Every structure is written in C-alpha cells, then in structure tokens.
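In order, the protein sequence lines correspond to chains B and U.
Counting in numbering that gives the first Met the number 0, the first sequence runs from 0 upward without gaps.
Counting in numbering that gives the first Met the number 0, the second sequence runs from 0 upward without gaps.
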Amino acid sequence: MITVNVEHAADFHGWRAQARELLNAGIDPSHVLWQVSGIDSDLFADRNELTALSTEESPPCDPTIRSTHTVPRSFLELAELVVCHSDASRFGLLYRALWRMTNGDADLLQRATDDDVYTLTGFAKAVSRDRHKMTAFVRFRRTPGCHHEHYAAWFEPSHHILRLTSEFFCKRFSNMDWSIYTPEGSAHWNQAELVFGPCGTRHDIPQGEAMEQLWCTYFANIFNPARLRLDAMRAEMPVKYWKNLPEAPIIARLTREAGSRTSQMVAATPGAESKYTQSALYRAEVPLQKLDSLAQLRESARHCDLCPHACKATQTVFGHGPETARVMIIGEQPGDIEDLRGMPFVGPSGKLLRSILTQLSVDQSKVYFTNAVKHFKYTPRGKRRLHQRPSAGDIDRCRSWLTDEISLIKPALIIALGSTAARSLLGRTVKLTEQRGILQRFGDSAQVMLTHHPARILRASNQLDRSRLSDQLADDLGTALSHAGLLRQDLSIDS
Amino acid sequence: MSTLKTKQYSPVPQIPLKLQGKLAILADAAKYDASCASSGTERRHSLNGAGVGSTGGSGICHSYAPDGRCISLLKVLLTNFCTFDCLYCVNRVSSNVPRARFSVDEVVDLTLSFYKRNYIEGLFLSSGIIQSPDYTMEQVVEVARRLRLVHDFRGYIHLKTIPEASPDLLTSAGLYADRLSINVELARQSSLASLAPQKDSGGIRRSMAAIRLKRDEASDTSLTGTSAPRFATAGQSTQMIVGADAATDGELLSCSDTLYSSYKLKRVYYSAFSPIPDASAALPLQPANLLREHRLYQADWLLRFYEFDVEEIVSGGQAGMLDTLLDPKLAWALKHREQFPVDINRAERSALLRIPGLGTRGVDRILSCRAGGFLRLADLKKISRSVKRMLPFIVARDWSPARVLDTHSLRDQFVQKHAQLDLFGS
C-alpha cells in the first residue's frame, strides 16, 4: 500500500501531480491511500496562486495528464470540483476514475449510470451548489474606523470551497478591500493580491451595520404577503444559512402577519378615487394635423382587424411610396422583417426586388410598394415565424385596402408579384404560368404585368432554377416599365 | 455653497420622506413584477475596471422572501406616482397608496451600497409614468448611465421600457442595460383596452419589435466596418397577469408563443393577479391562483424546450384550460396513451422528451449512456429522480408496463400522488 499526501483539503494541483506520477508508475488504485497532510499548516502561503487573476484569463488547463494518457478537459473540470468535497474518499475515487479512463475506458464520463461516475458527479454537484450558495449568501459588513472602504464577512460552507470560490469575489469586488472568514481558513483581498490566512470566528467581523436595516426594509417590502410559500423559500435558502443572513430574523414576523394582511386587502371596501385622478390622468396626444387622403387610408388600415391573424402581427404594413407614383408594385404579404419594421419590401425578398430595380436604373423613391395582404400570417416555431400563405379568404378580406390604394394613386402601371397579388388585383385566381410576362390593360388607363414573386426565387432549390426565375422577373419588370414608357424616363435615377 | 433654492414647477407632489420610508414604498410598489433574473448576459468582471461588479453564467439569487420568490436584484420603482389608470395596478392614478419618488442619486447609491455587501446582483428599475413618457424614460436611463459611466458599475441592470418613449431613449437604455422589458400585461387586447385604457397594445408590440431589431443589428457580424453598439445583451422579457380577465390558459400560451417567435423574448413571466392594497372597485380581488400560475410556467417550459406546441399542451386539459391537478406533460400523456410506452433504449430524442418525469438533461444522459449497453431501471434511477412517474410510460431492458396504460384509474392514481407532493396543498 502506498500513502500519498496532498497539501490541503482542496489541493487539486497536488492531487493532479501525484496522480500523474502514480499513473506513470502504473500503480493500481487499490494500492493507494490518499491523505491530507495538514490543514493549511503553511499559513499565508499561496501568495502567488491568484496572480493569474490580474490578467484577463487564467491559463488554459493542460488537457493531457501525460503525453500518452489523454483525458478530456471535462474530467479535469469535474476533478477540480470533486477535490473540494468533504467526503474522505474523493481523492481515491478520482484516481480510480482516471485509471479506468486511461486503461481502455476513455468514454467513462459519458456513462451517467456507472457507479463511480454517479458518485463523482454527485460530489461535483454538491460542491457546485455549495459554491453557488457561498456566492449568494456571503454578506459583507463595512469595517468601521478604516479610513478606506474595507468589508468583512463570516461564512460557513459545507465543503472545502473557500479557495475555489474566492476567485469569484476577486473578480466582482476587485476595487475594494475585503476579507472572508470561514471555520477552515480565511481569504483576504487588497485590490491586487489574494492571500489565504488562518481560520476565523464570527467575531472577526463587525457586529451589525446600519445598511442592514435598509436591506431588511427592502426584504420586508418586496415580499408579497398574498403569496406565502415557505417551502419554496426554504428549498432554495436552507435554514442552515439563516444564522449569518441579516434578513433572516424578520422572516418569522413577515410569515406570521401574511395571512391577516392578505385578508384585510381582500375584505377592504374600495375607497374613493385618489385626489390626483382627474388632474393627473394621462391622455395621449392626438395629432391634429389635417390628413391627406392616403394618410387617412393608412390611418384607418392601422386599426384593421378583419382577418383572424391580425392580432398575432406586430402591425398593419401598409403601402409605402408617393401618392403621385406612376408605378405600383404589389407583393403577397409582409414577412418577418416587414412586420417588425412596418414597411413593405424590406426583408430578403424586398432586397432582391430592389437590387433588380436598381439594375434597371429605376428610381425607387418614385415607386409605390404595397402588398395584397397587409398583416403577416405565420406559424410560430420556437424563436422563428414560418410564413403561411394567405388563403383566398384572407386575400379577399384585405382586398378593399388595395382597391382604395389604386383608386387614390391611379398608377399607369401595376406590377403584381406572385399569384396572391394577382388574385387580389384581378379578383379571381389566375394561372401565373399562363399569364406571366404579358402586359394587359387594367381599367381605363392602366396596364398590368403579372410576374414571379422574388420569394419564389429565394425558395428555388437549385441554382439553375434560381437564375432562370430571376432572369424572367428582371425581363418582365424591364418589359413592363419600358412598354409603359417609364423606364429611363420618369423613373430613371439620373434623368 | 448656495443657500438659494430654485423652486421648479412639478405636477408631482413632493413628500419629504426619509430614505427608509421611500425604499419601503417603492419596493412595495415594484413587487408585482415577477422577473428577477440576472442571467444570460455577457461575461464581465471588474479586475480591469474602476468600480465593482461582475456578470456571467447563471444569475445568483441572494435571498428568498417568504413568498418563495428569489431576490436577485434591487427591484424598485423610481417613483410610484403614475398618470395611468390600469385597474389591476397598485400604482394606478386612482389608488390611495402612499407615494414617493427617489432621486437618481438615491437609486445609484442604494444599488452600490447593496451590491458592495453582496446583497444583490444589480438593479431592476421601473417607474410610474410621470409628466411624459419621455421624461420618465430619461430619468430611468439616467440612473443606468450614472451607474455605468460615473461608477463603472459592471453588475446587472434591467430597465423597464416605456413603449411611448422616443427611439433615442430606447437606444441609450439598450446601451447601459443588460435586459429590457415591456409588460404586455394581458393576452387579450380587448381586456387591455378596458382595464388599462391608457396603454396601447400596438405600441407595446412595436416597441418589442424595435428592441428585437436593435438586438439583431448589434449581434449582426456579417457587416464589415463599424458594428452597431451593444444592445441589451440579456435580451428582453415580458409579463402577463393571470386571472384578472377571462383569458384562458390557451390564450395566454398562444400569446407567449407569438411573442417568443416574433420578438425572440428570453422569458415570458406569468403573474397571478394578487390582492393589492386599495384595489379598484371595478376589479374584485380574490386570492392569487398560484397553482394556475405554476402550471403555466410548466407549460411554457414544454413550449420552449420540449418541442410541444400550444394546441398539444392545451389538449391535456379541458376547454382551453390546463389540468391544474397534474403537470401539463403528464396530463398530455394521459390523454395520448396511444403514443406510449416509449422504449428508452430505442426511441428518438423527440419521443424521449415526451415521457412524463423525464427532463431534457435526463434525455441527453439516456442518449449518451446507450453506447454502454441496454438501460435497466436501476440505471434510470441514477439518471432521473422521478422514475416512478415514468413507469407506466416506458419500456426498459427489465421493465414493461404491461396493461398499466389501459387502467382507467391511472389519472386518479397520479392525482392522489400529486396531491401528497403538491407544493400548494392544504
């Protein structure tokens, strides 16, 4: 039997160095006895341990124990926690797991059902929890009489976590001096260096502080007596921590009074309205300017809830462009981005369309862009919204907005992108394959061109289809605009 | 030193109250906001700074009140004077609760004093709407600005956003805050119109959309050149009141589903409408329905992490309401017994996620353990603590539920067990 010593109760580096040697010597775990040599006999040692903290990041863990024996980084992370556990078997268990992993069972940690893995992960969990509770329940008190700010705390952890957890306090309270005393040792930070010292008692810290009264005031008033749930409180803030929490002594009173406070609120007869009600009540400012007719139309459309999916959309996405526009381009419905920004053709399809228009030298500020359907219809899927095609009913319900837009703007040319726009414009379902690319008369003075919706290009499964559809769309747009005598004249960027 | 005091016009009456009294009033006024999260933001520390503060990883709950709610942040209102008359709200203009107002520096000092004593992770600041939405928002943002720029505070800041405030103020709020939130309050737009006549549900949604767009911009790395400024790295959240109107669980969950997908919300909080002092005569009080609230949170989890959709979740209950006696996954499974038993040694991830009592971590462990051989019940006990609940729904190497799933009384058996364990029982 070999006896191996580590220097202190949570000596991860010592364990790691010893384990590496044992492993290299091929010593079976059953022949090793692990011992802690003395409880922090070297007072004020480890002055250099935390120097790495002053730099941005600690040096990365070496993922290899020995060049021929590799263990995953996750094992070292586990081991760093496990060595802090109070169970005496922890060092031996860790070495046994290491032995097994380097002797043919590399994937050991993946098997939560293995007894050693189960115990080790249980230890790590307990240490993590204890560490987390320490970061939560340490309560500093300002030391009186110090000319600079100094804070001190007394804490009683369940495992050997002071060293492991001190880093958290250094990073958080970097620019104040503090000391944390525990029954096993103490940690002291002077804004540059972390030093571990001997154990302390609760008398090492100031007894009470005025700020604790304010904290208790906060604690008492953030509590809602109408929702008493002591079990939930105790599960997360176990009673063993209460003796060092300044707010704990008032819990009993708050609990006792909760019932009567609640029933008083429920039983109270509502009183008169407060004296401020009439003088202070908020009234949103309503713009008084005279609206022109397109603006009026837009304003009425803002409140439209004719379709059932209107309530799921952010807003009505009405048409955008000058009332004097001679060209109107109609799409299907707003997409995700259009819905968020409240503007038509600003998402991926819009970008594609606008790049084609730019290639055709069309001044887009002179075009009126709109959609057949004014609300985004979609299916929620996690953090995304999947576009849903508007039904014939949706199109027909929304149609009057488009009809009004057309009769107000009186465009010379209307371009309908996709079958939804075509149906809304013509009032019937048309076969796009048959009618695409043909300039048709619309009413007395306008012409209509039906063509692909740019989304169809984006959805195409292969490059060949994509470029074919894209060429057709560009051709159709070019044909329509030039036949209507609009290309390179009224709409040209540099005319 | 000047002894002259300029008297400024203010429509808000100033009541001289000591800090302690103000804190009592303004914490009391803030407690109906359930959110106290301090997680999900970027990693920060103060080693290279001039002040205090760090964030990163999971948040820390520094205390728990006897209502079981965590206390992670200093959650206060800047003022509880408010010009809105939302009937469910303790701070509505028509209420006779005592009023108070913090100065910007008072909140800054309180936050730092509490933080340095490790009482809190940071600040959650909200406010009643005074003078104008822009004025109120300016004050709220100023607190965050001073904490960050004057004191180099690197802890967590959550600001409540006022929908009517200007876009520039939203930009600065996002620059200083980790999280922004706007409460939708009620799932039914018609309820909002009748209970909170000054609020505009359209404005609330457009503000949420603006926050999402700014977050998208800030995280967009595809553009070269100057990147958009930091914006609310811990995202946005919202809250809905449960039980102040007749909206069903289905309506609430469907609203959440819409909000998660539209605005990429981190969380939707559900807050059972709870008795408040000086309640409105138009909205009678009743004890807070904590059990309903609890089931909604469980359902919300199924929605976000368990690949359930709203319709499926609600199908576990009746008439759009969840079964309050059972957790929603179990309630769903009992009504869809044809989908069980699931073989834990063969089933895909999506089928494992449907097993009552098995969480996402348990599912991941089962999948990674399969390589080591067929799993038995003893193995499963090392993976999950609620194996008993799973038994009727699973097949393991040494277990098959036989006819258990055909038993009519299965639901009753579960209801009885649940009642014994129930956190809310009595």
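For glycine and all other residues, C-beta sits at the position ideal for the given N, C-alpha and C.
Values in this document were obtained by computation on a predicted structure and should not be read as measured data.
Self-check item: Contact under 8 Å by Cβ, Ala-401/U with Asn-344/U
Solution: No, the pair does not count as a contact, with Cβ atoms beyond the cut-off.
Exercise. Please name the residue or residues paired with Phe-441/B in a DSSP beta bridge.
Key: According to DSSP, Phe-441/B bridges with Ala-445/B.
Practice problem: For Val-241/U, I'd like the list of residues in its chain whose CB is within less than 8 Å of its CB, leaving aside the five on either flank, ordered along the chain. | Solution: Counting only Cβ-Cβ distances below 8 Å, and skipping sequence neighbours, we find Leu-251, Tyr-269, Ser-270, Ala-271, Phe-272, Asn-288, Arg-291, Glu-292, Leu-295.
Quiz prompt | Close beta carbons around Gln-314/B, own chain, < 6 Å, minus the five adjacent residues each side | solution = Excluding residues within five positions, the ones whose Cβ falls inside 6 Å are Gly-341.
Quiz item: Is the shortest distance between the beta-carbon of Arg-340/B and the beta-carbons of chain C less than 8 Å?
Solution: Although the question refers to chain C, the structure presented lacks it and instead comprises the protein chains B and U.
Quiz item: What are the residues of the region 74-105 of chain U that lie near chain B, defined by any Cβ-Cβ distance shorter than 9 Å?
Solution: So the close ones are Lys-74, Val-75, Phe-80, Cys-81, Thr-82, Phe-83, Asp-84, Arg-91, Val-92, Ser-93, Ser-94, Asn-95, Val-96, Arg-98.
Practice problem: Buried or exposed for Arg-15/B, please, with buried defined as at least 16 other CB atoms from any protein chain shown within 10 angstroms of its CB. | Solution: Per the 10 Å Cβ criterion, buried.
Practice problem: Report the neighbours of Met-264/B on chain U: residues whose CB is nearer than 8 Å to its CB, in chain order. | Solution: Identification of chain U residues near Met-264/B by a Cβ-Cβ cut-off of 8 Å yields Pro-274, Ile-275, Pro-276, Ala-278, Leu-284, ordered along the chain.
Exercise. Helix, strand or coil for Lys-74/U, going by three-state DSSP, please let me know.
Key: In the three-state reduction of the DSSP assignment, Lys-74/U falls in the strand class, which pools E and B.
Quiz item: Distance, Cα to Cα, Arg-171/B vs Gly-55/U?
Solution: Those two C-alpha atoms are separated by around 11 Å.
Quiz prompt | Identified DSSP bridge partners for Val-81/B | solution = Val-81/B pairs with nothing; no bridge assigned.
Practice problem: Measuring alpha carbon to alpha carbon, tell me which of Glu-163/U, Pro-162/U, Leu-168/U ends up nearest Val-142/U. | Solution: Nearest C-alpha to Val-142/U: Leu-168/U.
Self-check item: Asp-45/B (DSSP reduced to helix, strand or coil)
Solution: For Asp-45/B, the pLDDT reaches just 42, beneath the cut-off of 50, and the residue's location in the model is therefore unreliable, although a value from the coordinates is still provided. Here Asp-45/B sits in coil by DSSP.
Self-check item: Gln-138/U, buried or exposed, once every other Cβ within 10 Å from all chains shown has been counted against 16
Solution: Buried is the call here.
Quiz item: Cβ of Thr-369/B within 8 Å of Cβ of Glu-337/B?
Solution: No, these two residues do not count as a Cβ contact at 8 Å.
Quiz item: Would you call Lys-430/B buried or exposed, if buried means 16 or more other Cβ atoms sit within 10 Å of its Cβ?
Solution: Counting every other CB atom within 10 Å of its CB across the protein chains shown gives Lys-430/B a total below 16, marking it as exposed.
Practice problem: Identify whether Ser-38/U lies in helix, strand or coil by the three-state DSSP scheme. | Solution: In this structure, Ser-38/U counts as coil in the three-state DSSP scheme.
Quiz item: Whose C-alpha, out of Pro-274/U, Ala-99/U, Asp-199/U, Ser-218/U, is nearest the C-alpha of Phe-222/B?
Solution: When only C-alpha atoms are compared, the closest one is Pro-274/U.
Quiz prompt | the region 302-322 of chain B in contact with the region 226-242 of chain U per 3-pair CB rule at 8 Å | solution = Short answer: they don't touch.
Exercise. Taking 8 Å as the cut-off, decide whether the C-beta atoms of Leu-244/B and Ala-219/B are in contact.
Key: Cβ distance not < 8 Å, so Leu-244/B and Ala-219/B don't count as in contact.
Quiz item: Mind pulling the chain B residues with CB within less than 9 Å of Gln-338/U?
Solution: Result: empty, since nearest Cβ-Cβ is about 21 Å, beyond 9 Å.
Quiz item: Which full runs of the alpha helix (DSSP H) of 4+ residues lie inside the region 87-139 of chain B, going along the chain?
Solution: Fully enclosed alpha helix (DSSP H) runs of 4 or longer: 89-101, 114-136.
Quiz item: Is there at least one Cβ from chain U nearer than 8 Å to Leu-227/B's Cβ?
Solution: By this cut-off, Leu-227/B is an interface position.
Exercise. Measure from the C-beta of Gln-109/B to each C-beta in chain U and report whether the shortest distance is under 8 Å.
Key: Answer yes: the Cβ-Cβ gap between Gln-109/B and chain U drops below 8 Å somewhere.
Exercise. Can you pull the chain B residues whose beta carbon is under 7 Å from the beta carbon of Gln-238/U, in chain order?
Key: Close partners of Gln-238/U in chain B (Cβ separation under 7 Å) are lacking, with about 14 Å as the shortest Cβ gap.
Exercise. At 3 residues or longer, and completely inside the region 295-382 of chain B: list those beta strand (DSSP E) runs for me, N to C.
Key: Listed in chain order, they are 326-330, 366-370, 377-380.
Quiz item: Closer than 7 Å: is that where the CB of Asp-86/B sits relative to any heavy atom of the ligand HEM?
Solution: For the ligand HEM, the structure offers nothing, since it holds no ligand at all.
Practice problem: Run down chain B in chain order and give the residues with a C-beta less than 7 Å from the C-beta of Asp-27/U. | Solution: By Cβ distance, chain B contributes Asn-220.
Exercise. Note down, in chain order, all residues in the region 414-433 of chain B with a beta-carbon under 9 Å from any beta-carbon belonging to chain U.
Key: Hits within the stretch: zero.
Self-check item: Whole alpha helix (DSSP H) elements within the region 246-303 of chain U, 4-residue minimum
Solution: Considered as a whole, the region 246-303 of chain U harbours 248-262 as its complete alpha helix (DSSP H) runs of no fewer than 4 residues, in chain order.
Quiz item: Whose CA, out of Asp-151/U, Ile-119/U, Glu-120/U, Val-92/U, lies closest to the CA of Gln-130/U?
Solution: When each option's Cα is compared against that of Gln-130/U, the closest is Val-92/U.
Quiz item: Between which two residues does the beta strand (DSSP E) harbouring Thr-2/B extend?
Solution: Start and end: 1-5.
Quiz item: Using the rule of at least 16 other Cβ atoms within 10 Å of the residue's Cβ for burial, across every protein chain shown, is Asp-470/B buried or exposed?
Solution: Asp-470/B should be labelled exposed.
Quiz item: Going straight from the alpha carbon of Pro-182/B to that of Thr-406/U, what length do you get?
Solution: If you take the alpha carbons of Pro-182/B and Thr-406/U, they lie about 56 Å apart.
Quiz item: If you compare alpha carbons, which of Tyr-155/U, Ala-245/U, Thr-110/U, Leu-351/U is closest to Cys-35/U?
Solution: Ranking Tyr-155/U, Ala-245/U, Thr-110/U, Leu-351/U by Cα distance to Cys-35/U puts Tyr-155/U first.
Quiz item: What's the C-alpha gap between Glu-347/U and Leu-366/U?
Solution: CA-CA distance, Glu-347/U to Leu-366/U, rounds to 9 Å.
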